[in-house]
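Undergrad:
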Amino acid sequence: MKRIWKATVAAVTIPCVALAQTAGTTAPPPAAAPAPAAPAVTVLPEVNVIGATPLLGSGVDRYKVPAENQVLTGKDVTLEGPPDALRALRDEAAGVQLDNAAANPFQPSVLYHGFQASPLQGNAQGLAVYLNGARFNNAFGDTVNWDLIPDIAIDRINLEGANPVFGLNALGGSLSIQLKNGFTYHGAELDIFGGSFGQVAGAFQYGRESGNTSVYVAGAGLHEDGWRDFQSSGLKQFYGDVGWRSERAEVHLNIDLAQTSLNGPGTVPVELLDVDRRAQFTGPNAINNDYGKLSLSGSFDVTDTTSVQALAYYDNFLQRVANGNGSPLILCNDGSGLLCESPGVIATDRNGNPIPDFLMGGPYGSLAVQTTSTNGYGASFQISNKDEVFGHPNHLVAGVSFDGANTMFDANTAVGGLDLLNRNFIGPGIVIDQADGSIAPVRAAITNSYYGAFLTDTFDITSQLSANVGGRFNAAQIDIKDLISTALTGNHVFNRFNPAFGLTYKVVPGVSLYGSYSESNRAPTPAELTCSDPAAPCSLANFFTGDPALKQVVARTIEAGLRGQFAPYGDAKVNWNLSAFHANLDDDIIFAQSAILGTGFFQNVGATRRQGIDAGMRLTSGRWAAWIDYSYTDATFRNGFTESSPNNPAADANGDITVHPGDRLPGIPANLLKLGAQYKATDRWTVGATAIAASGQYLFGDEANLTPKLPAYFILNLNTSYQVTKRVQLFALVQNAFNATYYTFGTFSPTTSVPIIQVPGASNPRSLNIAAPIAAFGGMRITF
Numbered sequence: 097m098k099r100i101w102k103a104t105v106a107a108v109t110i111p112c113v114a115l116a117q118t119a120g121t122t123a124p125p126p127a128a129a130p131a132p133a134a135p136a137v138t139v140l141p142e143v144n145v146i147g148a149t150p151l152l153g154s155g156v157d158r159y160k161v162p163a164e165n166q167v168l169t170g171k172d173v174t175l176e177g178p179p180d181a182l183r184a185l186r187d188e189a190a191g192v193q194l195d196n197a198a199a200n201p202f203q204p205s206v207l208y209h210g211f212q213a214s215p216l217q218g219n220a221q222g223l224a225v226y227l228n229g230a231r232f233n234n235a236f237g238d239t240v241n242w243d244l245i246p247d248i249a250i251d252r253i254n255l256e257g258a259n260p261v262f263g264l265n266a267l268g269g270s271l272s273i274q275l276k277n278g279f280t281y282h283g284a285e286l287d288i289f290g291g292s293f294g295q296v297a298g299a300f301q302y303g304r305e306s307g308n309t310s311v312y313v314a315g316a317g318l319h320e321d322g323w324r325d326f327q328s329s330g331l332k333q334f335y336g337d338v339g340w341r342s343e344r345a346e347v348h349l350n351i352d353l354a355q356t357s358l359n360g361p362g363t364v365p366v367e368l369l370d371v372d373r374r375a376q377f378t379g380p381n382a383i384n385n386d387y388g389k390l391s392l393s394g395s396f397d398v399t400d401t402t403s404v405q406a407l408a409y410y411d412n413f414l415q416r417v418a419n420g421n422g423s424p425l426i427l428c429n430d431g432s433g434l435l436c437e438s439p440g441v442i443a444t445d446r447n448g449n450p451i452p453d454f455l456m457g458g459p460y461g462s463l464a465v466q467t468t469s470t471n472g473y474g475a476s477f478q479i480s481n482k483d484e485v486f487g488h489p490n491h492l493v494a495g496v497s498f499d500g501a502n503t504m505f506d507a508n509t510a511v512g513g514l515d516l517l518n519r520n521f522i523g524p525g526i527v528i529d530q531a532d533g534s535i536a537p538v539r540a541a542i543t544n545s546y547y548g549a550f551l552t553d554t555f556d557i558t559s560q561l562s563a564n565v566g567g568r569f570n571a572a573q574i575d576i577k578d579l580i581s582t583a584l585t586g587n588h589v590f591n592r593f594n595p596a597f598g599l600t601y602k603v604v605p606g607v608s609l610y611g612s613y614s615e616s617n618r619a620p621t622p623a624e625l626t627c628s629d630p631a632a633p634c635s636l637a638n639f640f641t642g643d644p645a646l647k648q649v650v651a652r653t654i655e656a657g658l659r660g661q662f663a664p665y666g667d668a669k670v671n672w673n674l675s676a677f678h679a680n681l682d683d684d685i686i687f688a689q690s691a692i693l694g695t696g697f698f699q700n701v702g703a704t705r706r707q708g709i710d711a712g713m714r715l716t717s718g719r720w721a722a723w724i725d726y727s728y729t730d731a732t733f734r735n736g737f738t739e740s741s742p743n744n745p746a747a748d749a750n751g752d753i754t755v756h757p758g759d760r761l762p763g764i765p766a767n768l769l770k771l772g773a774q775y776k777a778t779d780r781w782t783v784g785a786t787a788i789a790a791s792g793q794y795l796f797g798d799e800a801n802l803t804p805k806l807p808a809y810f811i812l813n814l815n816t817s818y819q820v821t822k823r824v825q826l827f828a829l830v831q832n833a834f835n836a837t838y839y840t841f842g843t844f845s846p847t848t849s850v851p852i853i854q855v856p857g858a859s860n861p862r863s864l865n866i867a868a869p870i871a872a873f874g875g876m877r878i879t880f
C-alpha cells in the first residue's frame with residue numbers, strides 16, 4: 097500500500113523517546129485474531145497528525161509545521177514483496193537516491209537532497225538517523241549501518257527536512273525509524289523468499305498484547321552469493337520488545353542484535369568492465385559487523401496537558417574491515433634488493449627493519465586491516481505541554497540529551513603477494529611501519545561526548561496561522577589518545593546554538609502554505625579529525641594520523657512549500673505537494689585522494705550549496721494507488737580551492753585539480769523522477785510497477801567537473817502478489833526489468849598500479865560501480 101504523505105518537521109518530533117502510542121490515550125482492545133496479509137492497495141486514510149517520528153506522545157496538526165516530511169509505513173516496506181526498507185526509500189520517497197561505492201546491496205549510501213547517510217567512511221554524513229528514538233549514527237565516523245536493522249520489524253520511517261532539534265548531522269534532515277511492539281502489532285508472520293544471485297532468506301515476527309503488557313519479537317536471516325565476483329552477503333538479525341502501559345504511562349524495554357558479513361567488489365576500471373562486468377579490481381573487500389543494543393524508554397502523563405518522556409540505551413558495535421589494494425611500495429632502484437615507498441625512501445617493518453624484495457620482483461599487493469570496537473551509551477529527557485497561552489492553542493517541548501561512546505581503533509597495512517587472475521591479496525605479508533608515519537600501524541582510544549539541549553514551541557496566532565520557534569544547543573567533545581605514540585593524542589571541542597523559526601497558513605480547507613528558516617551543524621568525526629594531513633594520509637579503510645584541526649560544518653536552510661489533498665471522484669483521494677529548499681553550508685568537508693596509493697585525507701573546502709524542489713502527487717482509491725515525484729537538486733561548490741586528485745586524467749602535473757565556484761558536487765544527479773502504481777486486478781491478485789529516471793552525475797575525484805558524467809539511466813521494476821487464502825500470500829518481483837546497464841557511483845582508480853591480465857595495458861582510470869542486471873525474486877508470506 098502506498099502510504100507516504102507530506103507532513104512536517106514539527107518542533108514536537110524531537111529525537112528523544114520512541115513509544116508505542118500516544119501516552120494518555122485509551123489503549124485499544126487486544127486483537128482477537130491476527131490480521132491477514134493485507135492486499136497491496138488500500139485507501140489512504142485522512143492524516144491530521146504527525147506519525148511516529150522518534151517521539152510519540154506529541155501529535156500535532158500536520159498543517160501547523162513549516163517543513164517537509166514523508167512517512168513510509170511497514171506496508172510500504174513490503175509493498176513489492178520481501179521486507180526491504182532501502183528499496184522503499186529508493187522507490188517511494190521524493191528526493192531520495194541510493195548509491196553504492198562498495199557494490200554490496202546492503203551497504204548503500206542514502207542521499208536526500210544531496211545530503212547522505214552512509215555506512216562508509218570518507219562520506220560526509222549530512223543526515224541524522226534515529227532508531228526507536230536513540231541516535232543511530234555510529235560514534236566513530238557518524239556512519240549508518242543499514243544492515244543492522246531487521247526490515248520486517250519496521251513500523252514506520254519518517255524522513256524529514258532540516259530541523260536543529262534532531263541534533264548533530266541534521267544538515268539536510270533526519271531519518272527516524274520506529275520499530276514495532278506488541279501494542280502496535282498482533283499475531284504472527286513468516287516470510288520465506290529468495291531468487292536470483294543465490295539469494296535464500298526468511299523473516300518472522302510475533303506480537304501479542306495481554307492486559308497491560310505486550311511482547312514482540314522479530315528476526316531475519318539472508319544469504320546471497322551476489323552476481324559479481326567475490327560479492328556475497330550474510331545477515332542475521334533479531335529484535336525484541338517488552339512493553340507495559342496504563343492509562344497515564346507506558347514503558348518499553350527492547351533489544352536489537354545483528355551479525356552481518358558483507359563482501360563487495362567495489363568500483364572497477366571501465367576497460368575491465370567492458371570485458372567482464374562481474375569482475376573486481378582488487379580484493380578482498382570485506383566488512384564484518386557485530387552489533388547489540390539495549391534500550392529502555394518511558395512516558396508519563398503528569399496532567400491532561402503535560403507529559404514527560406525519557407530514554408536510556410547502551411550498545412556495542414564491533415566492525416572488522418579487510419581492504420585489498422595494489423602495493424604502495426615499489427622496488428628500490430639502487431640495486432639493494434629492498435622495497436621503497438618512493439625512490440630513495442626505504443620501506444620498514446614494525447621492528448624498523450628494511451623490507452626486502454621477498455617476492456623477487458613481485459607482483460605485490462597490500463591489505464589494509466582495521467578493527468573498530470565501540471561501546472555507546474546515552475540518555476534523553478523531555479517535557480511536552482499543551483496548555484493554552486493567552487487563550488490560544490500552544491504546544492511547547494523542551495528537553496536534554498546525551499550520547500557518549502568509547503572506541504578502540506586498530507589498523508595496519510601489510511605488503512604481500514598478488515593473485516594475477518583476480519588481483520586478490522596473498523598473505524600473510526609484512527606490516528609496513530614508516531618512521532615518518534606516512535604508512536604506519538595505528539592504535540587509538542577515542543571518547544565521544546555529545547550534549548544537547550532543545551526547546552521548540554508552536555503557537556496558533558489565529559485559527560489559520562501558526563508560528564513555530566525553537567532551537568538547540570549542541571556541545572561535542574572528542575578526546576583521542578594515541579596508544580602507540582603521541583601523534584594522535586588531542587582534545588577537540590565544538591559548541592553551537594542552532595535556531596529555527598517558521599510559519600504555516602491554512603489557505604483553504606485541505607491546502608496549507610509554509611515557510612521556515614533553520615540552522616544545524618555537525619562536528620568533525622574522530623575519523624576526520626585524525627585524517628586531515630596531506631603529508632600523512634589515511635587509507636580508504638579508515639587509517640588516520642596526527643593532523644591539523646578541522647572546523648565544524650554549519651548549514652543554514654530555508655524551506656517553503658504548498659501541500660494539500662482533494663477528492664477527484666468517488667472514494668479516490670489525491671495528496672499533492674510542492675516544496676523548495678535552499679541550504680548554504682560553511683566549512684563543508686570532503687575526502688580528497690592522496691598520491692600514496694589507496695589513501696586520502698579530509699579537508700574543509702569552504703562553502704557549498706544544495707537547493708532545489710520536490711513536486712509530487714499521490715492517488716489512492718479502492719483498487720488503485722499511484723504516485724509521481726520529481727526532484728531537482730542543484731548542489732554546487734561556492735568557493736574555489738585546489739584539491740589533490742592524482743588519478744584524475746585531467747589533473748595537472750602535481751596531481752591537483754582546481755575547483756571553481758559553481759562546480760557541481762559529485763555523486764548527486766540534478767534530476768530525479770519516480771513513478772509507481774499498484775492495481776488490485778481482482779480481490780486476490782495485485783500487480784504493480786515502479787520506475788526511476790535519474791540524470792548523470794560527476795565522479796568523485798572530479799569536483800572540478802573536468803571529465804564526463806556518469807550516463808543518465810531509467811529502470812523499471814515489476815511486482816505482483818496473490819492472496820491464496822486468508823493467511824497465505826504468494827509474491828514475486830522483477831528488478832531492472834529492461835536489464836538496463838547503469839551506474840550509481842564513479843571515481844578514479846590507479847589502473848596501472850596492478851597488472852590486469854584481462855586488459856593488458858589498461859590505462860583509463862575511470863572506475864565505476866555497475867548496478868545489478870535483471871533479477872527475479874519470489875516468496876510466500878504466512879500470517880497466523
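Position one of the sequence shown corresponds to residue 97 (my numbering), numbered consecutively onward.
Glycine is no exception: its CB is placed at the ideal position from the N, C-alpha and C atoms.
According to the neighbour-count rule (16 or more other Cβ atoms, all chains shown, within 10 Å of its Cβ), is Tyr665 buried or exposed?
TA: exposed
Undergrad: Express the C-alpha separation of Ser717 and Val603 in angstroms, rounding to a whole number.
TA: 26 Å
Undergrad: Do we get a CB-CB distance below 8 Å when we pair Asp400 with the residues of chain C?
TA: Protein chain content of the structure displayed is limited to a single chain, and chain C is not contained in it.
Undergrad: Helix, strand or coil for Arg183 per DSSP?
TA: helix
Undergrad: Write down the C-beta distance between Asp730 and Ala766 rounded to the nearest angstrom, noting that I regard them as a contact closer than 8 Å.
TA: 7 Å
Undergrad: Taking the CB atoms as reference points, tell me whether Gly736 and Pro742 lie closer together than 8 Å.
TA: Not a contact, by the Cβ cut-off of 8 Å.
Undergrad: Just tell me which of Glu624, Leu769, Ala563 has its CA closest to the CA of Leu584.
TA: Glu624
Undergrad: Which class does Ala249 belong to by DSSP, given the choice of helix, strand or coil?
TA: helix
Undergrad: Between which two residues does the beta strand (DSSP E) containing Leu216 stretch?
TA: Per DSSP, Leu216 belongs to no beta strand (DSSP E) and is neither H nor E.
Undergrad: For the candidate residues Gly708, Val824, Asn860, whose alpha-carbon lies nearest to that of Asn744?
TA: Asn860
Undergrad: Under a three-way DSSP split, which group does Val527 fall into?
TA: Reduced to three states, the DSSP call for Val527 is strand.
Undergrad: Please confirm whether Gln221 and Ala230 have their CB atoms less than 8 Å apart.
TA: In this structure, Ala230 does not lie closer than 8 Å to Gln221 by Cβ.
Undergrad: Using a Cβ-Cβ cut-off of 6 Å (strictly less than) and excluding sequence neighbours within five positions of Asn384, which residues of its own chain qualify?
TA: Ser357, Arg416
Undergrad: Could you have a look at Lys647 and say whether DSSP puts it in helix, strand or coil?
TA: coil
Undergrad: In chain order, what residues of the same chain have a beta carbon less than 8 Å from the beta carbon of Thr848, not counting five sequence neighbours either side?
TA: So the list reads Ala858, Ser859, once near-sequence residues are dropped.
Undergrad: For Phe486, name the three-state secondary structure that DSSP assigns.
TA: Looking at Phe486 - three-state DSSP - the assignment turns out to be coil, as it is neither helix nor strand.
Undergrad: On the criterion of 16 or more Cβ atoms from any shown chain inside 10 Å, does Asp247 qualify as buried, or is it exposed?
TA: Here Asp247 is buried. Its C-beta has 16 or more other C-beta atoms within 10 Å.
Undergrad: Would you give the residue range spanned by the alpha helix (DSSP H) that Lys171 belongs to?
TA: Lys171 -> alpha helix (DSSP H) spans 170-173.
Undergrad: Based on DSSP bridge pairs, tell me the residues matched to Leu353.
TA: DSSP lists Phe334, Gly388 as partners of Leu353.
Undergrad: Is Gly294 helix, strand or coil when you go by DSSP?
TA: Residue state, collapsed to three classes: helix.
Undergrad: Please name the residue or residues paired with Met876 in a DSSP beta bridge.
TA: Bridge partners of Met876 according to DSSP: Ile288, Leu826.
Undergrad: In terms of alpha-carbon separation, which member of Ile542, Val565, Arg592, Ser562 lies closest to Leu579?
TA: Ile542
Undergrad: Following the continuous alpha helix (DSSP H) through Leu414, name the residue where it begins and the one where it ends.
TA: Careful: Leu414 lies outside any alpha helix (DSSP H), inside the beta strand (DSSP E) at 402-422.
Undergrad: Around the C-beta of Asp643, are 16 or more other C-beta atoms found within 10 angstroms, so that it is buried, or is it exposed?
TA: Reliability fails at Asp643, whose pLDDT of 35 lies under 50, so the model's placement of it is uncertain and no value is given.
Undergrad: DSSP has Cys436 in a bridge; who is on the other side?
TA: Residue pairing for Cys436: DSSP places it in a beta bridge opposite Ile426, Ile442.
Undergrad: Just to check my reading of the structure: Tyr794 and Gly784 have Cβ atoms closer than 8 Å, yes? What is that Cβ distance to the nearest angstrom?
TA: Not confirmed; about 33 Å, so no contact.
Undergrad: From this set, Gly290, Gln217, Val167, Val206, which residue's C-alpha is nearest Val830's C-alpha?
TA: Gly290
Undergrad: Any idea if Asn587 is buried or exposed, counting beta-carbon neighbours within 10 angstroms, 16 or more meaning buried?
TA: Exposed, because fewer than 16 other Cβ atoms sit within 10 Å of the Cβ of Asn587.
Undergrad: Would DSSP call Val143 helix, strand or coil?
TA: Because Val143 carries a pLDDT of 33, less than 50, the predicted location of this residue cannot be relied on, and no value is offered for it.
Undergrad: My assumption, with CB atoms under 8 Å, is that Phe521 sits in contact with Gly420. Please give the rounded CB distance.
TA: Sure, about 4 Å apart at Cβ, within 8 Å.
Undergrad: Please name the residue, chosen from Gln478, Thr738, Gly487, that lies closest to Val496 on a Cα-to-Cα basis.
TA: Gln478
Undergrad: I'd like to know if the segment 808-824 and the segment 161-181 are in contact, where contact means that at least 3 CB-CB pairs between them fall below 8 Å.
TA: A contact exists between the segment 808-824 and the segment 161-181.
Undergrad: Can you tell me whether Thr558 is buried or exposed? The criterion is at least 16 other CB atoms within 10 Å of its CB, across all chains shown.
TA: exposed
Undergrad: Identify which residue in Ile870, Leu561, Ala549 has its Cα closest to the Cα of Ala571.
TA: Ala549
Undergrad: Output needed for Ile253: all residues of its chain with C-beta closer than 6 Å, excluding positions within five of it in sequence on either side, in chain order.
TA: Within the same chain, Cβ atoms closer than 6 Å to the Cβ of Ile253 are found at Leu168, Ile273, the five residues on either side in sequence being excluded.
Undergrad: Pick helix, strand or coil for Glu615, following the three-state DSSP scheme.
TA: Assignment of Glu615 by DSSP, reduced to helix, strand and coil, places it in the strand class.
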